[in-house]
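Asker:
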Amino acid sequence: MDTSEPNAGGVVDAISELSDLRFKYPSLFKSIPGLNNETFKLAENHPDLFLRIMKKISLGLNNKEDNIVEAEVDLRKIDLEHFRNGFNFTSIESKLLSNVKDYIIRVVEGSEKFADAEGKTISKWVNTEPEDLELENITWAGVVSLQRRVILKRADHEYTLQERSILFAAVAIGAIVAIFPISACIHRYGSRTSFTVVGIVTATATALCPLAASFGFVPLVIMRMLQGFGYAACMPVIGSVTSVWASLAENGLFSGALTSFIQLGPVITMPMSGVLCVSSGGWQSVFYVHAAITFLLITLWWILYRDSPSDSIFVTAKELTVIQDGKSSTPKKRNEAEKLPIRQICMTPSAWAVWIAAIGNMYSVQMVVVFAPTYLNQVLNFHIVSAGFAAALPTLLQFVIKIIAGISSDKIGSLGETTKVRVFNSVAFVGMGLFLVLLAVLPPSKPMVALACLIGSTTILGFNTGGFFKSATLIGRQYSHFINANVQVIMCMAMLTVPFIVFWLTPNGSASEWRWVFLLHAGLLFITNAVFCAIGQGVAAKFTYSSAQDGAIKELLQPFNILRTRFV
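Going by numbering that gives the first Met the number 0, the sequence shown runs without a break in its numbering and finishes at 567.
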């Protein structure tokens with residue numbers, strides 16, 4: 000400990016005069032052990048000198064003459080054996096005790112900073128006052144025994160289990176309500192304007208959540224539903240951006256990169272929210288910081304993004320040719336937007352293949368992402384902190400696999416697009432299903448093997464980037480935002496229903512009950528993948544051809560129709 004403490008000056012001066020006696024005082028300001036054998040001998044053989052030194056120590060701590068040890072105290076009448084291991088704080092003058100408490104608090108706070116810098120863990124003292132400490136004793140080596148009073152503050156807003164469930168469900172409900180209106184806005188006004196408006200609404204709702212909570216439960220539910228608007232826009236915007244900006248040879252890369260928000264979002268926001276909650280800003284800062292980040296990102300989106308590559312100053316003529324190669328030669332302008340062919344899309348088998356595959360994917364993802372920590376803790380007996388980190392690992396690995404799978408799907412030229420989307424989807428779904436079956440049959444006595452299967456099941460699902468996700472943009476082209484809007488609906492429905500399914504199947508949280516959860520989702524993956532492989536496609540569907548293109552084709556074929564009529 001630093002000897003340059005302001006109240007330690009008198010102590011240091013006193014001891015420096017007696018350095019030849021090798022006296023070492025209690026380590027309140029130094030890390031050197033205190034009452035060694037030489038010091039103890041000094042106290043026994045020269046009590047007067049020892050008393051003068053202790054006076055200096057007390058004076059240095061209190062910085063007041065009237066608080067020093069009384070002169071009439073005779074150490075020869077004190078049994079010094081009681082002080083060999085330290086001394087008790089109960090008989091120390093109150094001012095001295097207060098100074099010691101202040102010093103201890105400063106030391107702990109300073110140690111927190113050093114521990115953070117060294118990457119070590121130390122219990123943090125938040126807003127600790129001297130009156131919160133009850134000192135018991137101190138050894139001559141400077142080890143202090145104390146009790147710290149911790150006041151458990153009631154939460155600013157307390158909610159029942161049912162109310163908390165409603166708050167979580169409000170986001171999904173808001174998303175379901177907004178999905179199709181947002182999809183229609185994207186079709187009519189473009190992704191740039193639509194997503195900007197949605198982003199502003201979401202950021203504003205996030206910033207207003209603390210204020211809404213102060214007004215009551217219902218206002219907070221409304222703000223949570225408005226937050227769901229941003230979630231509703233994600234998949235439709237991904238479909239629109241991919242269809243417009245990705246060349247036909249880069250659909251996999253775009254799908255993998257853009258859909259990775261599912262993995263990266265929780266990994267980034269959860270730790271950041273934890274840090275903000277214990278900061279001086281409190282839980283309210285979680286909402287304010289996320290709102291500020293959303294405003295910043297949506298501003299960058301408005302500045303940088305354009306609904307057409309031809310409108311961007313950053314796209315060269317050569318790049319524009321590459322992006323538009325193989326696409327419609329008559330791209331519609333905003334004021335020429337055609338009616339969304341909803342009926343034709345809903346009658347297309349390949350579109351249903353995407354939606355059915357999405358059911359297997361989203362339900363399995365929700366089951367693993369939301370309930371993996373519960374399974375690890377309840378069945379495999381992982382510590383709750385270890386369970387949290389173990390559950391986060393497969394999510395990060397899945398992100399890596401998604402990017403690799405997306406690029407690989409684009410680079411493989413020996414297979415047709417339809418074959419590729421079926422193969423990649425099968426690797427993802429069948430692979431995850433097999434890992435879930437292994438989880439179902441493994442006994443809880445093999446936790447590390449079960450953890451490896453859990454990680455493998457989530458990681459391998461990343462191949463879905465080259466599967467139904469890529470198929471959605473390949474078959475939907477300019478209308479892929481509508482196909483992805485239905486995928487978003489399925490995702491939200493999974494968010495709402497998976498918890499009830501898992502709770503219904505695992506009322507006691509036993510290994511035998513979890514076995515049915517894994518087998519159910521494995522079976523769902525096998526069935527939905529079989530349907531996708533049967534009717535899923537990787538080429539543009541018929542509904543993607545515009546009426547202008549159909550008219551041009553009919554005009555070209557008109558002479559042949561006339562000839563055919565004459566000969567018939």
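Using N, Cα and C, we set each Cβ at its ideal position, and we do this for glycine too.
All of these numbers come straight from a predicted model, not from anything done at the bench.
Run through DSSP, which three-state label would Phe468 get?
Answerer: Stepping through the sequence shown from its first residue, residue 468 is reached at position 469. In this structure, Phe468 counts as helix in the three-state DSSP scheme.
Asker: Measuring alpha carbon to alpha carbon, tell me which of Leu247, Ala204 and Ile358 ends up nearest Phe286.
Answerer: Translated into positions along the sequence shown, residue 286 becomes position 287. Of the listed residues, the one whose Cα sits closest to Phe286 is Ala204.
Asker: Gly508: which of Thr195, Val378 and Lys419 sits nearest, CA to CA?
Answerer: Along the sequence shown, one-based indexing puts residue 508 at 509. Minimum Cα distance to Gly508 is reached at Val378.
Asker: Mind reading off the beta-carbon distance from Val435 to Ala521? Whole number of angstroms is fine, and I expect it under 8 Å.
Answerer: The residue you call residue 435 lines up with position 436 of the sequence shown. The residue you call residue 521 lines up with position 522 of the sequence shown. As written in the sequence, residue 435 is Leu, which differs from the Val given in the question. Indeed, because the Cβ distance is near 4 Å, the residues count as touching under 8 Å.
Asker: Got a sec? Which residues, its chain only, sit under 8 Å from Asp324 by beta carbon, not counting five neighbours each side?
Answerer: As a first step, residue 324 is located in the sequence shown; it is residue number 325 there, counting from the start. Hits under 8 Å: Ser246 and Leu247.
Asker: Could you say which of Cys208, Ile199, Met234 and Gly215 lies nearest to Ala174 if we only look at CA atoms?
Answerer: As a first step, residue 174 is located in the sequence shown; it is residue number 175 there, counting from the start. Nearest C-alpha to Ala174: Met234.
Asker: Count the other C-beta atoms from every protein chain shown that fall within 10 angstroms of the C-beta of His289, then say buried if there are 16 or more, exposed otherwise.
Answerer: For the purposes of this step, residue 289 is taken as the residue at position 290 of the sequence shown. It is buried - the Cβ of His289 has at least 16 other Cβ atoms within 10 Å.
Asker: State yes or no: is the C-beta of Val448 within less than 7 Å of the C-beta of Leu441?
Answerer: In the sequence shown, residue 448 corresponds to position 449, counting from 1. In the sequence shown, residue 441 corresponds to position 442, counting from 1. The answer is yes: Cβ separation under 7 Å.
Asker: Alpha carbon to alpha carbon, how far is Tyr158 from Val590? Give it in angstroms, no decimals.
Answerer: Residue numbering for the chain in the displayed model covers 0 to 567; residue 590 lies beyond these limits and cannot be assessed.
Asker: With contact counted as at least three CB pairs below 8 Å, one residue from each stretch, are the stretch 417-435 and the stretch 493-500 in contact?
Answerer: At 8 Å Cβ cutoff, the stretches do not touch.
Asker: Buried or exposed: Phe313, going by 16 or more other Cβ atoms within 10 Å of its Cβ?
Answerer: Start at 1 with the first residue of the sequence shown, and residue 313 comes out as number 314. The residue is exposed, with fewer than 16 neighbouring Cβ atoms inside 10 Å.
Asker: What's the gap between the Cα of Asn66 and the Cα of Asp101?
Answerer: Taking the first residue of the sequence shown as 1, we reach residue 66 at position 67. Taking the first residue of the sequence shown as 1, we reach residue 101 at position 102. Note that Asn66 has pLDDT 39, beneath the 50 cutoff, so the model's placement of it is unreliable and no number is given.
Asker: So, with DSSP's three-state summary, where would you put Leu20?
Answerer: Position 21 of the sequence shown, counted from the start, is the residue given in the question as residue 20. Residue placement at Leu20 cannot be trusted, given a pLDDT of 43 that sits under 50; what the coordinates show is reported in the next sentence. Three-state result, Leu20: helix.
Asker: For the stretch 250-265 and the stretch 395-406, state whether three or more C-beta atom pairs, one from each stretch, are separated by less than 8 Å.
Answerer: Yes: at least three Cβ pairs fall under 8 Å.
Asker: Alpha helix (DSSP H) containing Tyr478: first to last residue?
Answerer: Counting from one through the sequence shown, the residue named residue 478 turns up at place 479. That residue, Tyr478, is in no alpha helix (DSSP H); it is neither H nor E in DSSP.
Asker: Could you check if His186 is buried or exposed, using at least 16 other CB atoms within 10 Å of its CB as the buried criterion?
Answerer: The residue given as residue 186 occupies position 187 in the sequence shown. His186 comes out buried.
Asker: Considering Arg191, what are the terminal residues of the alpha helix (DSSP H) in which it resides?
Answerer: Along the sequence shown, read from residue 1 onward, the residue named residue 191 stands at position 192. Ser190 to Phe214 is the span of the alpha helix (DSSP H), which, as asked, contains Arg191.
Asker: Just the C-alpha distance for Ala316 and Ala471, rounded to the nearest angstrom, thanks.
Answerer: Here residue 316 refers to the residue found at position 317 of the sequence shown. Here residue 471 refers to the residue found at position 472 of the sequence shown. Roughly 28 Å separates the two Cα atoms.
Asker: Between which two residues does the alpha helix (DSSP H) holding Ser349 run?
Answerer: Here residue 349 is taken as the residue at index 350 of the sequence shown, counted from 1. Pro348 to Gln377 is the extent of the alpha helix (DSSP H) around Ser349.
Asker: Tell me the residue span of the alpha helix (DSSP H) that contains Leu437.
Answerer: Start at 1 with the first residue of the sequence shown, and residue 437 comes out as number 438. Counting along the chain, the alpha helix (DSSP H) containing Leu437 begins and ends at Glu416 to Val440.
Asker: In whole angstroms, give me the CA-to-CA distance for Phe570 and Val488.
Answerer: What is shown of the chain runs 0 to 567, which leaves residue 570 out entirely.
Asker: By DSSP, does Val277 sit in helix, in strand, or in coil?
Answerer: Within the sequence shown, numbered from 1, the residue matching residue 277 stands at position 278. Coil at Val277, not helix or strand.
Asker: Near Thr192, what residues of its chain come up, given a Cβ to Cβ distance below 7 Å and the 5 sequence neighbours on each side ignored?
Answerer: For the purposes of this step, residue 192 is taken as the residue at position 193 of the sequence shown. Closer than 7 Å at Cβ, skipping near neighbours: no residue.
Asker: What three-state label does DSSP hand Pro32 in the structure shown?
Answerer: The residue given as residue 32 occupies position 33 in the sequence shown. Any reading at Pro32 must be qualified, since the residue scores a pLDDT of 41, below 50, and its modelled position is unreliable; no value is offered.
Asker: Using the beta-carbon count (16 or more within 10 Å), is Glu318 buried or exposed?
Answerer: Residue numbering aside, residue 318 sits at position 319 when the sequence shown is read from its first letter. It counts as exposed.
Asker: Pull up the CB-CB distance for Phe381 and Pro446, whole angstroms please, since I reckon it's below 8 Å.
Answerer: For the purposes of this step, residue 381 is taken as residue 382 along the sequence shown, with counting starting at 1. For the purposes of this step, residue 446 is taken as residue 447 along the sequence shown, with counting starting at 1. Going by Cβ atoms, the distance from Phe381 to Pro446 rounds to 7 Å, so yes, they are a contact pair.
Asker: So, using beta-carbon positions, are Gly238 and Thr201 closer together than 7 Å?
Answerer: Here residue 238 refers to the residue found at position 239 of the sequence shown. Here residue 201 refers to the residue found at position 202 of the sequence shown. Not closer than 7 Å, so no.
Asker: How about Val486 and Ala357: are their beta carbons less than 7 Å apart?
Answerer: By one-based count along the sequence shown, residue 486 stands at place 487. By one-based count along the sequence shown, residue 357 stands at place 358. Their beta carbons are under 7 Å apart, which means Val486 touches Ala357 by this criterion.
Asker: Below 8 Å on the Cβ atoms is my contact criterion, and I expect Asn568 with Asn250 to pass it. Report the Cβ-Cβ distance as a whole number of Å.
Answerer: It is not possible to answer for residue 568, since the shown part of the chain is limited to 0 through 567.
Asker: For Ala206, which residues in the same chain have their Cβ closer than 7 Å to its Cβ, ignoring the five residues on either side in sequence?
Answerer: Here the question's residue 206 lines up with position 207 in the sequence shown. Excluding residues within five positions, the ones whose Cβ falls inside 7 Å are Phe286, Tyr287 and Ala290.
Asker: From Gln397 to Val516, what does the alpha carbon distance come to, in whole angstroms?
Answerer: Position 398 of the sequence shown, counted from the start, is the residue given in the question as residue 397. Position 517 of the sequence shown, counted from the start, is the residue given in the question as residue 516. Using only the alpha carbons, I get a separation of about 21 Å.
Asker: Does the beta-carbon of His156 have 16 or more other beta-carbons within 10 angstroms, so that it is buried, or is it exposed?
Answerer: On the sequence shown, position 157 is the one that residue 156 refers to. It is exposed - the Cβ of His156 has fewer than 16 other Cβ atoms within 10 Å.
Asker: The alpha helix (DSSP H) that contains Val321, what's its start and end?
Answerer: For the purposes of this step, residue 321 is taken as residue 322 along the sequence shown, with counting starting at 1. Counting along the chain, the alpha helix (DSSP H) containing Val321 begins and ends at Ala316 to Gln323.
Asker: Between the beta-carbon of Ile400 and the beta-carbon of Thr457, is there less than 7 Å?
Answerer: Mapped onto the sequence shown, residue 400 falls at position 401. Mapped onto the sequence shown, residue 457 falls at position 458. It is not a contact, given that the beta carbons lie outside the stated cut-off.
Asker: Between the stretch 209-216 and the stretch 265-276, are three or more C-beta pairs nearer than 8 Å?
Answerer: No, the stretch 209-216 does not touch the stretch 265-276.
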